[in-house]
Amino acid sequence: MTTRTENHEDSMSTATPTRAPHSDVPAGRTPAEGRAGTGLFHPQQLLTSLPDAFRKLDPRVMVTSPVMFVVLIGSVLTTAFSFADPGDWFGWTISAWLWLTVLFANLAEAVAEGRGKAQADTLRKAKTDTVARRLLGDGSEERIPGAGLTIGDLVVCEAGDVIPGDGDVVEGVASVDESAITGESAPVIRESGGDRSAVTGGTKVLSDRIVIRITTKPGETFIDRMINLVEGAARQKTPNEIALNILLASLTIVFLLACTTLTPFADYAGTHLTMVVLVALLVCLIPTTIGALLSAIGIAGMDRLVQRNVLAMSGRAVEAAGDVSTLLLDKTGTITLGNRQAAEFVPVRGTTEAEVADAAQLSSLADETPEGRSIVVLAKEKYRLRERHQGELVGAGWIEFTAQTRMSGVDADGRRIRKGAAGSVLAWVREQGGTVAEDADEIADRISAAGGTPLLVAVQDRTGARVLGVIHLKDVVKDGMRERFGELRRMGIKTVMITGDNPLTAKAIAEEAGVDDFLAEATPEDKMALIKREQAGGKLVAMTGDGTNDAPALAQADVGVAMNTGTSAAKEAGNMVDLDSNPTKLIEIVEIGKQLLITRGALTTFSIANDVAKYFAIIPALFAAVYPGLDKLNVMRLSSPDSAILSAVVFNALIIIALVPLALKGVRYRPMSADRMLRRNLGIYGLGGLIAPFLGIKIIDLLISLIPGIG
Amino acid sequence: MGPVLAGVAQLLALMAALALVYVPLGTYMARVYSSDRHWRVERWIYKGIGANPDAEMRWAAYLRGVLAFSAAGVLFLYLLQRLQGSLPGSLGFSSIEPAQAFNTAASFVTNTNWQSYSGEQAMGHVVQTSGLAVQNFVSAAVGMAVAVALVRGFARSRTGELGNFWADLVRGTVRVLVPVAAVAAVVLVACGALQNFSGIHEVGQFMGGSQAWNGGAVASQEAIKELGTNGGGYFNANSAHPFENPTPFTNLFEIFLILVIPLSLTRTFGVMVGSVKQGYAILATMVTIWAGFTALMMWTEFAHHGPALQAAGGAMEGKEARFGVGASSIFAVSTTLTSTGAVDSFHSSFTGLGGGITMLGMMLGEIAPGGVGSGLYGMLIMAIIAVFIAGLMVGRTPEYLGKKIGSREIKLAACYILITPALVLVFTSASLALPTPPHSMLNSGAHGFSEVLYAFTSASNNNGSAFAGLNANTDWFNTTTGLAMLLGRFLPMIFVLALAGSLAGQRPVPATAGTLRTEKPLFSGLLVGAILIVTGLTYFPALALGPLAEGLA
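Line order of the protein sequences matches chains A and B. Heads up: take any position in the first sequence, counting from 1, add 34, and you land on this note's numbering. Heads up: take any position in the second sequence, counting from 1, add 242, and you land on this note's numbering.
Laid out in structure tokens, this is it:
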């Protein structure tokens with residue numbers, strides 16, 4: 035963003051962007067449905083993923099999840115014991131449900147991965163066998179397969195060609211269809227030099243001819259990495275996931291101890307526990323619910339980002355997003371609408387508002403910049419000036435804006451009207467020997483101080499040259515931003531607005547938007563220093579960026595979201611890429627990160643709280659025969675010992691499937707303070723986890739007792 | 243006043259007294275461990291042991307200090323007992339057998355004070371005063387030192403340094419334990435506890451016959467026995483013995499001594515980490531569990547079924563008539579929820595459920611409020627586990643007191659909570675599965691099982707109280723309980739100190755509105771739940787086969 039730093043003097047120079055880079059409505063192929071918390075889950079996904087679930091029974095795959103690996107071993111053991119005693123229906127039933135438990139866990143993971151696979155297939159189509167036209171030293175071309183390119187090769191692409199690899203445009207301008215990657219059908223402009231030179235392999239040139247220098251090896255291109263990411267092939271366990279796995283493994287060991295030592299205890303008490311019963315008890319106690327869903331939760335978190343057209347290069351970044359406590363937000367496009375708009379016409383002493391409005395409108399008729407258009411609109415809406423068209427003014431000479439003159443205007447009907455930056459217009463008036471109203475400067479300063487941009491309007495006619503008044507151009511803060519920042523503040527996240535504006539202007543906008551802090555006249559170095567300062571205080575920082583000079587800051591930030599319209603350097607440096615190039619999305623990314631962590635914590639709490647009920651089901655079933663007093667623990671009044679154990683095992687398996695949608699969609703998330711969030715989630719998942727299995731096991735037991743011959 | 247009312251009144255008086263000293267004692271201890279000035283007597287000690295009290299230690303060095311000091315303690319105590327027969331001032335008692343000497347040495351150095359001997363029939367003045375009493379002070383000071391090191395881990399940042407073990411050890415002894423114990427000893431003497439070096443007296447009994455009683459420095463040992471949550475009685479009957487605990491007042495006073503340091507250390511913790519509210523949250527967690535257990539214990543002991551119990555006004559078997567059900571219940575809960583193990587009544591004679599409460603108290607890891615030092619660090623480990631499980635639910639990776647709980651921290655905390663269940667369950671099941679050890683059991687059935695389970699629960703958690711009934715003076719039990727005590731004390735310390743080192747090296751994360759507020763009642767409630775579920779559930783099957791089977795019959 036720093037390459038588009040605003041300079042209020044230069045407001046008219048806003049180059050027309052290649053395409054609206056900061057569209058407020060992300061136009062991805064899957065429309066982002068507002069807040070985190072949405073996600074797609076269809077029950078039939080369970081069926082389609084079944085083959086994958088079976089494939090994952092491979093012990094080499096299972097061993098990565100210690101909890102489920104123990105269940106797998108348990109299943110093998112009980113099955114073996116059932117073979118030894120084939121007439122034992124109980125052993126067979128328990129074995130079957132243990133296998134189902136393992137399968138359900140695999141199914142959860144397979145469903146989570148399956149959603150990415152479809153996306154990966156679409157991407158693969160984009161990269162099939164391109165032919166590259168490689169430029170040789172003598173200027174001639176040769177045709178080679180895209181896979182044969184090496185870094186540094188120059189290739190030519192013309193209208194209709196698919197770009198064979200990632201690279202930078204070194205010659206020419208072209209419109210490119212990037213819908214294969216972004217889902218956005220409107221073409222974008224790619225040109226040599228500057229921040230719009232990066233092209234992505236697999237996208238299609240629609241017009242003109244460009245020469246591209248290849249910057250990435252085939253097989254490591256953006257599209258390849260994207261495929262790996264959405265498929266989960268490159269998925270590595272995140273730090274918090276690793277830590278959670280350690281805790282789950284240690285709980286598994288504790289319960290393994292409790293169950294194995296139970297054999298001599300029971301023998302002493304005068305009852306013998308079979309292997310089937312011991313394994314059933316163990317599987318019920320170890321945290322299978324979270325163990326089964328842990329990786330699905332992680333994959334689904336990445337997937338939720340993909341649905342919002344954000345690619346996280348690592349799961350670590352998604353986790354870090356939840357921890358972010360400082361957000362660096364670019365003013366333009368994130369906090370304010372991309373462009374300033376005319377808010378009022380202020381006349382100098384001796385003129386009227388209507389005069390200013392009339393002159394301003396005339397001078398802006400040919401001005402196609404958003405600012406120019408907003409002047410015409412304001413003149414029409416507020417001063418009821420009829421909208422005139424360029425053609426109505428016969429013989430009018432239109433003065434285009436240039437970076438040198440920093441003015442635009444019109445010469446018509448013997449009047450010469452100019453509007454532009456204060457300094458330039460004042461110089462022009464003096465040049466024409468005109469007079470400058472003494473309050474012109476004062477008005478301009480007042481507008482600057484209020485965060486606006488003053489544009490002077492001057493006229494030269496029979497009475498000479500003079501300043502008529504000032505157009506107040508205002509940054510328009512997007513709707514709802516103030517509330518959004520308020521929410522972030524309640525979540526403990528500080529927002530810092532980054533702008534090229536002077537401190538005065540920046541302060542006014544910051545106050546209007548309700549951000550906590552601002553960085554005015556920001557250079558890339560300032561941004562970097564700010565990030566380092568925040569990090570030195572232990573804070574995690576998230577930012578967006580697109581320019582090459584943003585790259586160091588993007589790399590330094592804990593969450594660096596590069597805009598897809600940006601340079602390859604920026605994309606390389608960040609750990610996320612937003613395909614919609616919509617910086618507002620940073621807020622959503624943080625929410626998705628938090629949602630991921632909350633889901634993980636909620637299901638862990640739920641899983642552990644479940645154990646209480648399972649003990650109350652199984653312990654009386656095992657020992658009430660020798661110690662009748664223990665039947666008092668059978669608070670659920672389960673029908674028989676066998677049914678009690680079976681009900682606990684069945685509940686344990688079914689709860690996994692029941693929670694798959696929650697794992698994939700994530701726990702409902704609303705921005706609120708940590709206190710309220712903890713209270714709410716502890717109520718639902720802690721208390722709920724305590725109570726739910728009592729009800730569930732009782733219901734299953736009732737159903738089992740209805741089966742003739744059991745119960 | 244009825245016995246229930248009397249019990250409740252004593253409970254309230256106790257809580258008022260503890261509340262009164264909480265702030266001054268806690269703040270004083272924080273100053274003791276933060277001061278950079280040395281007392282003259284401390285300088286002499288440092289010179290004597292050749293330690294530099296100002297050198298900062300990293301966690302490994304701190305641990306080496308703990309282990310070296312404790313190993314020397316075990317060796318010295320072992321030799322002292324083995325040589326008792328040839329030492330003067332031994333009342334003619336012979337040397338202790340190797341297995342029992344090892345067991346006793348391990349027991350006193352680990353702050354357990356499990357006793358497979360009867361004090362009045364085995365240990366002379368020299369062993370009692372220069373061996374056992376000394377360890378009563380220093381083993382407590384070691385526990386406090388390790389706790390303080392962990393607190394420094396939270397309080398400090400971007401350094402690996404945890405303070406100086408020798409300075410912490412000496413200061414804890416000289417500035418906290420000795421002065422308080424001295425005052426307490428005077429109070430006990432004033433109330434009738436014994437303090438002399440007299441020999442063995444033949445005493446005629448009221449019902450005829452005679453008993454042999456020796457004197458000793460009982461009151462002074464009694465004071466540190468409770469204050470340092472040690473629990474090793476001068477006499478076999480421990481605090482039920484009138485020479486140790488003569489009146490209802492001394493009984494309440496001893497409970498006060500047991501609880502005062504572990505509770506006040508939460509204040510020390512709060513002061514040292516710069517937020518006394520964090521200390522209050524930990525205190526609230528401890529008090530909630532302690533008060534809940536006490537209420538439960540009083541309920542089960544007062545709920546008298548059957549004519550004998552009704553006539554006595556409660557389950558009076560094994561309880562002293564001068565204390566009654568209420569005070570005995572408070573004592574039993576306090577001694578098992580700390581690592582004390584002193585008893586003023588016989589836990590095996592409590593109702594089935596009452597016995598289960600004493601066991602569950604130890605099984606929770608003795609953290610409410612726990613032993614001096616060990617209670618605080620055990621509770622902080624549980625806080626880390628609770629933060630890790632539930633902290634994610636606020637949408638941030640877990641952090642406690644500004645320190646991230648990452649995989650290294652959780653690995654160490656998980657190892658900590660694995661140790662005692664492993665020791666208790668493995669040794670108990672081995673004792674039941676092997677042919678000889680069950681001969682030590684007095685009872686059969688569920689009660690017999692409880693005897694063994696209690697023994698290893700007590701030893702592994704460094705409590706030291708016994709369920710009675712079990713003959714623990716066999717080679718098997720002397721050796722296994724000795725090992726359980728050593729492993730149950732020092733393995734956790736290794737993980738605590740490693741954790742402290744890892745925390746001290748971190749850069750603190752500033753608290754924001756998005757941070758889990760660990761100083762709020764909600765967190766204390768969550769912590770209570772995590773403790774009961776995570777550690778309680780580990781033992782549910784074992785408890786079901788012992789006290790629950792008996793109590794629910």
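Think of the CB as a built atom: it goes at the ideal place given N, C-alpha and C, for glycine as much as any other residue.
ask   = I think residue 505 of chain B touches residue 793 of chain B, with their Cβ atoms under 8 Å apart; what is that distance to the nearest whole Å?
value = Not a contact, Cβ separation roughly 29 Å.
query = Which runs of the alpha helix (DSSP H) spanning at least 4 residues fall entirely within the stretch 411-468 of chain A, listed in chain order?
reply = Runs of the alpha helix (DSSP H) inside the stretch 411-468 of chain A: 456-465.
Own chain residues within Cβ distance below 8 Å of residue 566 of chain A, not counting five before or after = 590, listed in sequence order.
request  = Using 10 angstroms around the beta-carbon of residue 562 of chain B, count the other beta-carbons present and answer buried if the total reaches 16, otherwise exposed.
outcome  = By the neighbour-count definition (other C-beta atoms within 10 Å, threshold 16), residue 562 of chain B is a buried residue.
task = Under 8 Å by Cβ, that's how I've got residue 351 of chain B and residue 312 of chain B pegged, so tell me the actual separation to the nearest angstrom.
result = The distance from the Cβ of residue 351 of chain B to that of residue 312 of chain B is about 5 Å, consistent with a contact at the 8 Å cut-off.
query = Going along chain B in order, which residues have a C-beta closer than 7 Å to the C-beta of residue 117 of chain A?
reply = None at all; the shortest Cβ gap to chain B is about 28 Å.
request  = Kindly provide the ranges of any alpha helix (DSSP H) runs that are 4 or more residues long and lie completely inside the stretch 174-252 of chain A, ordered along the chain.
outcome  = Taking only runs of at least 4 residues, the alpha helix (DSSP H) segments lying wholly in the stretch 174-252 of chain A are 213-216.
inquiry  = Buried or exposed, going by whether 16 or more other CB atoms sit within 10 Å of the CB of residue 530 of chain A?
reply    = Classification of residue 530 of chain A: buried, given that the 10 Å Cβ count is 16 or more.
inquiry  = Any beta carbon from chain A within less than 8 Å of residue 635 of chain B's own beta carbon?
reply    = Chain A contact via Cβ: present.
request  = Use the C-beta contact count for residue 464 of chain A: other C-beta atoms within 10 angstroms, 16 or more gives buried, fewer gives exposed.
outcome  = Exposed: under 16 other Cβ atoms inside 10 Å.
message = Taking beta-carbon pairs under 8 Å, can you tell me which members of the stretch 703-714 of chain A lie near chain B?
response = In summary, the residues of the stretch 703-714 of chain A whose CB is separated from some CB of chain B by less than 8 Å are 703, 707, 708, 709, 711, 712 and 713, in the order they occur in the chain.
task = Assign residue 795 of chain B to one of two classes, buried (16 or more other C-beta atoms within 10 Å of its C-beta) or exposed (fewer than that).
result = Residue 795 of chain B should be labelled exposed.
ask   = Any chance the stretch 610-624 of chain A sits against the stretch 362-377 of chain A, with 3 or more Cβ pairs inside 8 Å?
value = Taking a cut-off of 8 Å for Cβ pairs, the stretch 610-624 of chain A and the stretch 362-377 of chain A touch, as three or more such pairs fall below it.
Simplified DSSP assignment, three categories, for residue 763 of chain B = Under the three-state reduction of DSSP output, residue 763 of chain B falls in the helix class.
request  = Starting from residue 751 of chain B, find everything on chain A with Cβ-Cβ shorter than 7 Å and list it in chain order.
outcome  = Within 7 Å Cβ-Cβ: 572.
inquiry  = Quick check: residue 762 of chain B and residue 709 of chain A, are their CB atoms within less than 8 Å of each other?
reply    = Against a cut-off of 8 Å, the Cβ pair of residue 709 of chain A and residue 762 of chain B comes out as a contact.
ask   = What does residue 649 of chain B reach in chain A if we use C-beta pairs closer than 7 Å?
value = The answer, in chain order, is 273, 276, 277 and 280.
query = Taking 7 Å as the line, does the beta carbon of residue 393 of chain A fall inside it for any heavy atom of the ligand NAD?
reply = Ligands displayed in this structure: none; no statement on the ligand NAD is therefore possible.
ask   = From residue 606 of chain B to residue 615 of chain B, what distance separates their C-alpha atoms?
value = Roughly 16 Å separates the two Cα atoms.
query = Residues of chain A with a CB under 8 Å from the CB of residue 668 of chain B: which are they?
reply = Within 8 Å Cβ-Cβ: 291 and 295.
query = Got a sec: which bits of the stretch 754-772 of chain B sit with their beta carbon under 9 Å from any beta carbon on chain A, in order along the chain?
reply = So the list reads 754, 755, 756, 757, 758, 759, 762, 764, 765, 767, 768, 771 and 772, given in the order they occur along the chain.
message = Taking 8 Å as the threshold (beta carbon to beta carbon), is residue 298 of chain A in contact with chain B?
response = It does; some Cβ of chain B falls within 8 Å.
key: Contacts of residue 328 of chain A in chain B (Cβ-Cβ under 9 Å)   = Neighbours of residue 328 of chain A on chain B: none; closest Cβ ~12 Å, over 9 Å.
request  = Could you tell me which chain B residues have their CB closer than 7 Å to the CB of residue 670 of chain A, listed as they occur along the chain?
outcome  = Within 7 Å Cβ-Cβ: nothing; residue 670 of chain A doesn't reach chain B, min ~16 Å.
query = Any idea if residue 418 of chain B is buried or exposed, counting beta-carbon neighbours within 10 angstroms, 16 or more meaning buried?
reply = Residue 418 of chain B is classed as buried because its beta carbon has at least 16 other beta carbons within 10 Å across all chains shown.
ask   = From residue 177 of chain A to residue 195 of chain A, what does the alpha carbon distance come to, in whole angstroms?
value = Near 12 Å, if we compare the C-alpha coordinates of residue 195 of chain A and residue 177 of chain A.
query = Nearest to residue 649 of chain B by alpha carbon, out of A/243, A/279 and A/698?
reply = The candidate whose alpha carbon is nearest that of residue 649 of chain B is A/279.
inquiry  = Quick check: is the beta carbon of residue 688 of chain B nearer than 8 Å to any beta carbon in chain A?
reply    = True, the Cβ-Cβ gap to chain A drops below 8 Å.
request  = Would you mind sorting residue 192 of chain A into buried or exposed? The rule is 16 or more other CB atoms within 10 Å of its CB.
outcome  = By the neighbour-count rule (16 or more Cβ atoms within 10 Å), residue 192 of chain A is not buried but exposed.
task = Look up residue 503 of chain A in the DSSP assignment and give the residues it is bridged to.
result = Per DSSP, A/381 and A/491.
key: Segments of 3+ residues assigned as beta strand (DSSP E) that fall wholly inside the stretch 562-630 of chain A   = DSSP runs (the beta strand (DSSP E)) wholly in the stretch 562-630 of chain A: 575-579, 593-597 and 610-612.
key: Contacts that residue 664 of chain B makes with chain A (C-beta to C-beta distance below 7 Å)   = Neighbours of residue 664 of chain B on chain A, chain order: 291.
Residue 779 of chain B: contacting residues in chain A (beta-carbon distance under 9 Å) = Within 9 Å Cβ-Cβ: 288, 289, 292, 319, 642, 645, 646 and 649.
Residue 452 of chain B (DSSP reduced to helix, strand or coil) = Three-state result, residue 452 of chain B: strand.
message = Which complete alpha helix (DSSP H) runs does the stretch 305-382 of chain B hold, if anything under 4 residues is left out?
response = Those alpha helix (DSSP H) runs which fall completely within the stretch 305-382 of chain B and span 4+ residues are 340-351 and 361-364.
task = Tell me whether the beta-carbon of residue 680 of chain A lies closer than 8 Å to the beta-carbon of residue 733 of chain A.
result = No, the pair does not count as a contact, with Cβ atoms beyond the cut-off.
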